[in-house]
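Undergrad: What follows is a structure written as C-alpha cells; I'll ask about it next.
There are 2 protein chains.
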Amino acid sequence: MTPSVTTRDLRSGETRDLGLEESTPQDVAQYCAVAASSGYGERPLTWRADLLDAMATELEGRAEGIVACADRETALGLPRLEGELRRTVYQFRFFANVVRDGAFLGAVIDHAADSPMGPLPDLRRMAIPLGPVGVFGASNFPLAFSVPGGDTASALAAGCPVVIKAHPAHPETSELTFGCLIRAAQAMGAPDGTVALVHGFDAGVSLVTDSHISAVGFTGSFGAGQALFRLANNRQTPIPFYGELGSANPLVVTPDAAAMRAEEIGQGAAASLTLGVGQFCTQPGLLFVPMGADGDVLVAALVSALANVETGTMLTTGIAASYAMGVQDIASVPGAKQLVGAATGAGQANPALIEVDSAIFASPEGARLRQECFGPMSVVVRYANLDELHRTLAACESSLTFTVHIGDEHDEALSDLLKLGTTKAGRVLVNGYPTGVGVNWAQQHGGPWPSTTNSLHTSVGAAGIARWLRPVAFQNIPDAALPLALQEANPLHIPRRVDGSAQ
Amino acid sequence: MTPSVTTRDLRSGETRDLGLEESTPQDVAQYCAVAASSGYGERPLTWRADLLDAMATELEGRAEGIVACADRETALGLPRLEGELRRTVYQFRFFANVVRDGAFLGAVIDHAADSPMGPLPDLRRMAIPLGPVGVFGASNFPLAFSVPGGDTASALAAGCPVVIKAHPAHPETSELTFGCLIRAAQAMGAPDGTVALVHGFDAGVSLVTDSHISAVGFTGSFGAGQALFRLANNRQTPIPFYGELGSANPLVVTPDAAAMRAEEIGQGAAASLTLGVGQFCTQPGLLFVPMGADGDVLVAALVSALANVETGTMLTTGIAASYAMGVQDIASVPGAKQLVGAATGAGQANPALIEVDSAIFASPEGARLRQECFGPMSVVVRYANLDELHRTLAACESSLTFTVHIGDEHDEALSDLLKLGTTKAGRVLVNGYPTGVGVNWAQQHGGPWPSTTNSLHTSVGAAGIARWLRPVAFQNIPDAALPLALQEANPLHIPRRVDGSAQ
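Keeping their order, the protein sequence lines are chains A and B. Residues 1 to 503 (my numbering) make up the first sequence, in order. Residues 504 to 1006 (my numbering) make up the second sequence, in order.
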C-alpha cells in the first residue's frame, strides 16, 4: 500500500492525513512525460512573463492562509513567513522582468564574413530551455526555496516545465502553494504539464533518474545533495545537478574591528547565528575573533546576547536530534570550551557557542569543527595575530559566504582577507551578516564544493536562470525560419551582440 | 623505468626518441602546485590580452617548422595544417579581444536600495578564474584542439594557468608549440606555472585527479571522455569536466532538396565526410535521403565522388584498425547494403558508404548504425516520406551538429526539421556541411549528451571562456578594495549591468 501524506502541527505535534498518497514511480514517470511533451517552452516570452506575474498574484492573494499553514508546519513564526512570502511573490515578478529583459537568451549574431579561417557562414546563437526540470523543496524555506521558490520561478522563466518534489516537513504548504501555481497556469491557458507536484522519498529518486528530466535544482543537506548528485551523474544520460548544500560560513573579526565595535559585533553575530533557529544555509557557524581584551569583550557580548535567545522549535525532530548530537560532538573535541549551551528537549533547540584556539581548529582532530552544524550554534576560533588567522582560515572548507568585519576602510587586514574570501566563497561581505540573500541582478548564492555541487551557477538572483538553458547556434538559416530572438529585424527588441558589438 | 617519449613519422613508420621521459605522478603534482600558486589570474586584463597576442605571434613565426612536424606526425597534409595553424593563431588573437572586451566578466552592480524584501546592501558580481585547468590534446587537431588550441587559449584568457597533456600521436608538435607558448610567456614576464606540458597516459589520470586542478577540457573519443568524466565527478572535490566527444552528425536531405540539387549534394557530402580522412568530430556520419529517383541520383553522385577519393593515412594505427572494424560491424547489420568500401591496409583508410532503410536504422538491431564510426564513412538512411523521416530521426542520439538540406526557403519540411534539430544538437545548419567550425562570437561547439559531457557550454568561440570562470558577489565592500571591474568609476571601461540596466 502506498503511504499517505500527513501534515504535522510542529508545535502541538498533532498530525492530519491530507487525503493524498505518496507518488508512485508511475506517477512521477507520467508527470515527467507530460511535462516533456507540453510545449511550454515554445510559448512567447511575453506570455511566459505574464504567467510568472499571474503566479505572483495568486500567491499574494492567498498570503494569509499560506503563511498560517507554513507556520503550523514549520514553527518559523508569522513575521519571518510573511517576509518569506513577500520575497517569494517578488521573486516571480523579478523573473518575469528577467524574461522581458531578454538578455538571458544571450543572443549573438555573426553575419557571414571573411576570416583568417576562410569565409564564415552566417551564424546566430541563443539559449534554449533544457527541458523538464526537477526541483526539490527545502525544509528551511517552505516558500522561497520550495514549491514556489527560486528554482521553480527561474526554471519556468527559462522555459522549462517543472516537476517539484515537496519537502515532507511541509506537505500542506506545498499543496497550497502548488494550488496557486496551477490556478495561475490554468487561468493563463498554460499547457498541461507546466508544473507538477510529487510527494515522498522514492518519488525524489524517480525524479532524478527519469529520462525526461534534463536538470535538477536542490536545496538541502550535504548528505542528501551529494547522493542525488552522484545519481544524476551516473544516469545513462547524465544531467546537471545544482545542489545548494549549506556551509559553515566563516565570519572574521579583524583586530581593528574588535577594537572599535566589539559589543556591536557580538550582538549582531548572536542575532545572525540564531535567526530562524539557526536554520539558514548562510548561518555564520565560524567566528574568528582575536585573542586579547577586545576579543574577550566581543565574546562576552555574544554570550550575553545568546542568553536572551528563547528556545526554538526546529523544522523536524530529526533536525533537532542532529543538532543536539552535533553540539555534543563539537563540544567533545579536546580543548573545546562550551561557552553557551543548555540541554534541549525533543524537537527544540537552544543556542550553543563553543570556543577553541586556532591550533585545535586547524588540526586533524578539529575536522568536526570545520563542518556545518545545522542550527543556532557557532564555533568561536581565537587567533593570536593576522599570520595565524590566515593559516587557520586556509584550513576552512569552501562556503557559500565569507564575512569580514573591519575597523574602517584603511584596515590593514582587509585586502588579504578579501582575496582569501574570494577563493573560498561565492559571496564576500564586509561589515554585515551573511543571513539574508536578496533577489536581484548581482546576487550569487553558491560557492565552491562542498557548499554547492556546481560553483559556476547561482540558485538566487537573475543569473539563476542560466542553470536551465543551453546554447544552440543556427547556421545559414532563412530569416523567417529563425527563432524570433535571432531574426535580423530583432522583433523582440532584446539586447544582442552583432558582429562583435553590443546592440 | 619511466617510458621515453617517441615521435613517429606516420607515413614512413620511422620513430625517433625525443629525449624526454613520460611525466611521473610527481611531475604532474609539481606542475599543478606551481600553477596553483602562480598568481597568473591576478595579472591585469590588458597584460593577459597582450600575452595571448604574443603567443599568436610566436606560433606564426614558427609556422613552417610546426606545420612540417605536424604533417610528419599526423599525415594530415600541408594545406590542411597550414589552415589549422592560421586558425590557431587567430584563436589566440580572438581571445585577446574577448579579454579586452571585458563582457566575459559578467560585471553587475546593484546599488543599495529598498526592496519588497527590505533594504538590500550594495552588491556587485563578476566572474573570477576557477584556478588551474587541465587540457587534453586531441589526436585529430594537432594544433587547434591540442597544446595551443581553443581550450588552452580560452583558459588562459579566463585567467587560469593551464597544464596540458600532450596527445601521444603528436608529441613533437606538442613540444614545438609548447615552446612557442613558453617563449611568449617568458618574454612577457609571466609567472612560472602559467603553462606546463605533460606526456603519458598516467599523467592524464594524475591531471584529472590532482587536487589543484579546478576544471578539465577534453576533446576525444566517447570511451576515454566518459571515463575521465566519471573520474572528475568522483573526486573528493568534484570538478567540471568539459568533454567534447564527437557524434554521428545527421545530415537530412529533404525531398525538395533532392529534387533540386541531387548531384551537388551528393558531391558536397562526399567531400565533407572524407575531409581529413573523415577524422572530424563534426563529420556527417548519417545521411537521410528520400527513396525514389531523386534520392537515387544523389546516392549515385555520392558513390561516384567517393570512388575518386584516395586512400588516406589515419592518425594512428589504432584508429585505423577501429575504423576497419567499425565499417565491417556496420556492414554486417542485417539489411545493410555496402555501396562503397574497399579493404584498407594497416594504418590506411578508404571511404565507405552503407545504405539501410529507415526501419532497420530505428530498430534495436540498428543501434550500431546510430553511433559514430570515426573515419571516412557514412550510413545512408533512405526514407519514404516526411512522417517516416521524423520517426527515424527521433531514434538518433544527440549530436554536435544537425544539418538540413532544403529546396528553397519555402520547403515545407524546414520548420519541423529545425525544431527537431534544435532538440538534438548544439549547431543546426541549412544547406551547408557540418565540418568547419569557425572561431567567432556566435559559435556553439557542443550538444546534448553523448556528444558532450556538458551541453551548457561550448569548446569553440568566445563563450568557451565561460567554462573556466565562476561568479563571486561582493557585498558592501569599500570601493578601493573592490576588483577594478566592479569599482564605481568603471576604470576598465567594460560593459556592466547597473541597477538592472546595461551601461
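Just so it is clear, CB atoms sit at the ideal spot from N, CA and C, and this is done for glycine as well.
(1) For Q348/A, list the residues DSSP reports as bridge partners.
(2) Return the chain-ordered list of same chain residues with a C-beta closer than 7 Å to the C-beta of E875/B, the five sequence neighbours on each side being excluded.
(3) How many Å lie between A63/A and P741/B at the Cα?
(4) Name the chain A residues that come within less than 7 Å of L917/B, Cβ to Cβ?
(5) DSSP puts A103/A in a beta bridge; with which residues?
(6) Excluding five sequence neighbours on each side, which residues of the same chain lie with their C-beta closer than 8 Å to the C-beta of A103/A?
(7) Given that D613/B touches chain A, what residues does it touch there, using C-beta distances under 7 Å?
(8) For A928/B, which residues does DSSP report across the bridge?
(9) Going straight from the alpha carbon of D192/A to that of P132/A, what length do you get?
(10) Among Q990/B, P743/B, K927/B and V884/B, which one has its Cα closest to the Cα of L801/B?
(11) Could you check which residue in P664/B, V701/B and V601/B has the C-alpha nearest to that of S507/B?
(12) According to the neighbour-count rule (16 or more other Cβ atoms, all chains shown, within 10 Å of its Cβ), is M126/A buried or exposed?
(13) With burial defined as no fewer than 16 other Cβ atoms inside 10 Å of the residue's Cβ, what is the status of R514/B: buried or exposed?
(14) Who pairs with T510/B in a beta bridge, going by DSSP?
(15) Any beta carbon from chain B within less than 8 Å of T435/A's own beta carbon?
(16) What is the residue span of the beta strand (DSSP E) that L754/B lies within?
(17) At a Cβ threshold of 8 Å, is I980/B touching chain A?
(18) Measure the alpha-carbon distance for T820/B versus C784/B and round it to whole angstroms.
(19) Are the C-beta of I822/B and some C-beta of chain D separated by less than 8 Å?
(20) At which residue ranges does the region 316 to 399 of chain A contain complete beta strand (DSSP E) runs of 3 or more residues, listed in the order of the chain?
(21) If we call anything under 8 Å between Cβ atoms a contact, is V404/A one with V430/A?
(22) If you follow the alpha helix (DSSP H) that M558/B is in, where does it begin and where does it stop?
(23) Keeping to the same chain, check which residues put their C-beta closer than 6 Å to that of Y323/A; ignore five residues upstream and five downstream.
(24) Checking 8 Å against the spacing of the C-beta atoms, do V277/A and G326/A come in under that value?
(25) Output, in sequence order along the chain, the residues in the region 763 to 778 of chain B whose CB is closer than 8 Å to any CB in chain A.
(26) Using DSSP with H/G/I as helix, E/B as strand and the rest coil, what is L633/B?
(27) Sort out for me which residues DSSP pairs H167/A with in a bridge.
(28) Across the region 554 to 563 of chain B and the region 675 to 687 of chain B, are there enough close Cβ pairs to call them in contact, namely three or more that are closer than 8 Å?
(29) Can you check whether the C-beta of A502/A is within less than 8 Å of a C-beta belonging to chain B?
(30) Would the region 95 to 112 of chain A count as touching the region 11 to 28 of chain A if we require 3 or more Cβ pairs under 8 Å?
(31) Against Y90/A, what residues of chain B qualify as contacts under a CB-to-CB distance less than 9 Å, listed in chain order?
(32) Would DSSP call E525/B helix, strand or coil?
(33) Buried or exposed, going by whether 16 or more other CB atoms sit within 10 Å of the CB of M504/B?
(34) How would you label D416/A, buried or exposed, when you count the other beta carbons within 10 angstroms and need 16 or more for buried?
(35) Could you work out which residue in D604/B, G568/B and A532/B is closest to L548/B when comparing CA atoms only?
(36) With 9 Å as the C-beta to C-beta threshold (strictly closer), list the residues of the region 237 to 260 of chain A near chain B in chain order.
TA: The structure says:
(1) On the first sequence, position 348 is the one that residue 348/A refers to. Partner(s): T313/A.
(2) Numbered from its first residue, the second sequence carries residue 875/B at position 372. So the qualifying residues of the chain are G749, S750, A751 and G788.
(3) For the purposes of this step, residue 63/A is identified with residue 63 of the first sequence, where counting begins at 1. For the purposes of this step, residue 741/B is identified with residue 238 of the second sequence, where counting begins at 1. Distance between the alpha carbons of A63/A and P741/B is about 41 Å.
(4) In the second sequence, counting from the first residue as 1, residue 917/B sits at position 414. Those within 7 Å of L917/B in chain A are A481.
(5) Position 103 of the first sequence holds residue 103/A. Answer by DSSP bridge pairing: none, since A103/A is not bridged.
(6) Position 103 of the first sequence, counted from the start, is the residue given in the question as residue 103/A. Contacts found: I494 and P495.
(7) The residue given as residue 613/B occupies position 110 in the second sequence. Within chain A, the residues near D613/B are N440, W441 and A442.
(8) Start at 1 with the first residue of the second sequence, and residue 928/B comes out as number 425. BP columns for A928/B point to S902/B.
(9) In the first sequence, counting from the first residue as 1, residue 192/A sits at position 192. In the first sequence, counting from the first residue as 1, residue 132/A sits at position 132. When rounded, the distance between both Cα atoms is 13 Å.
(10) The sequence position of residue 801/B within the second sequence is 298, counting from 1. Answer by Cα proximity: V884/B.
(11) The count along the second sequence starts at 1 and reaches residue 507/B at position 4. For the residues P664/B, V701/B and V601/B, the minimum Cα distance to S507/B belongs to V701/B.
(12) Counted from its first residue, the first sequence places residue 126/A at position 126. M126/A comes out buried.
(13) On the second sequence, residue 514/B is found 11 positions in, with the first residue counted as 1. Classification for R514/B: exposed.
(14) On the second sequence, position 7 is the one that residue 510/B refers to. R519/B.
(15) Here residue 435/A refers to the residue found at position 435 of the first sequence. False, the Cβ-Cβ gap to chain B never drops below 8 Å.
(16) For this step, residue 754/B is matched to residue 251 along the second sequence. Taken as a continuous stretch (DSSP letters only), the beta strand (DSSP E) holding L754/B covers P753 to V756.
(17) In the second sequence, the residue the question calls residue 980/B occupies position 477. Yes, contact with chain A.
(18) Residue 820/B sits at position 317 when you count from the first residue of the second sequence. Residue 784/B sits at position 281 when you count from the first residue of the second sequence. Rounded to the nearest angstrom, the two C-alpha atoms are 18 Å apart.
(19) No chain D is part of this structure, whose protein chains are labelled A and B.
(20) 337 to 341, 352 to 357 and 377 to 383
(21) Counted from its first residue, the first sequence places residue 404/A at position 404. Counted from its first residue, the first sequence places residue 430/A at position 430. In this structure, V430/A lies closer than 8 Å to V404/A by Cβ.
(22) Here the question's residue 558/B lines up with position 55 in the second sequence. Note, M558/B: alpha helix (DSSP H), L548 to G564.
(23) The residue labelled residue 323/A in the question sits at position 323 within the first sequence. Here the set comprises A349 and G375.
(24) In the first sequence, counting from the first residue as 1, residue 277/A sits at position 277. In the first sequence, counting from the first residue as 1, residue 326/A sits at position 326. Contact: no.
(25) none
(26) Walking along the second sequence from the start, residue 633/B turns up at place 130. Residue state, collapsed to three classes: coil.
(27) Translated into the one-based positions of the first sequence, residue 167/A becomes position 167. DSSP lists no partner for H167/A.
(28) yes
(29) Position 502 of the first sequence holds residue 502/A. Cβ-Cβ to chain B under 8 Å: yes for A502/A.
(30) no
(31) Along the first sequence, one-based indexing puts residue 90/A at 90. Neighbours of Y90/A on chain B, chain order: S618, P619 and M620.
(32) For the purposes of this step, residue 525/B is taken as residue 22 along the second sequence, with counting starting at 1. Reduced to three states, the DSSP call for E525/B is coil.
(33) To locate residue 504/B, count along the second sequence from 1; it is residue 1. So M504/B counts as exposed.
(34) For the purposes of this step, residue 416/A is identified with residue 416 of the first sequence, where counting begins at 1. Exposed is the call here.
(35) By 1-based counting over the second sequence, the position of residue 548/B is 45. Comparing Cα-Cα distances from L548/B to each of D604/B, G568/B and A532/B, the minimum goes to D604/B.
(36) T237, P238, I239 and P240
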